Amino acid sequence: MSLGDARGTASMRATAHPVRLQIMSLLTGAPMTAAEVARELGLTHANASYHLRNLHSAGMIVVAGEEKIRGGVAKRYRYDAARDRASETPEQKRALFAALGNELVRRTAGGRFEAKILLGDGEFWIDPEKWLDLRHRFKDLVAELHEAAQPPRTPGTIRTSTTVAMFEMESPA
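Going left to right, the sequence shown walks through residues 123 to 295 as the working numbering numbers them.
Written as structure tokens, this is what we have:
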């Protein structure tokens, strides 16, 4: 197995775990230590460290710095939203979509559906140029969301959920 194959398999395993998806979402807003992740998600420090190590080994998060805490050194991790996912295999992408579907079910349990929501779904037949234009605009909006993300519980912020999955489908014969 090549290094690329090993990293791809690790990436698929890392993102298939629901806690790891939560951690990646959490690390979008700010770099955090294992202790901070543990407090925010109600995990033990050891469990948070374990998941962070798996995500880091798979290349899903990066070390954003280190700091001395009570005589030790704590790593701060951050999810790199700009990471290139083009190298993933179709199977890895399908596994990620399945994991995201489960994560969306978890998030809806805490949803405030009396508030403003946006929901759209469909299989559309669309002009290829229009498809590319819309895809680029969504990509820019998702990047803007990631850039605007704040640390959890920052005063004046609201907790939101955003999931976007856009892909070209095979045409039936």
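Here a beta-carbon is modelled for each residue, glycine too, at the ideal position from N, C-alpha and C. Since the structure is predicted, the reported quantities are computational estimates derived from the model, not experimental observations.
A residue is called buried once 16 or more other Cβ atoms fall within 10 Å of its Cβ, and Met-182 is buried on that count.
When the five nearest sequence neighbours on each side are left out, the beta carbons in the same chain lying within less than 7 Å of the beta carbon of Phe-260 are those of Val-286, Met-288, in order along the chain. Closest in C-alpha terms to Ala-270, from the list Pro-140, Ser-147, Leu-143, comes Ser-147. For Ala-196 and Gly-151, the gap between their C-alpha atoms comes out near 18 Å. Beta-bridge partners of Tyr-201 (DSSP): Ile-183. By the C-beta density criterion, Ile-145 is buried, having at least 16 other C-beta atoms within 10 angstroms. Note on Leu-240: under 16 other CB atoms within 10 angstroms of its CB, so exposed under the neighbour-count rule.
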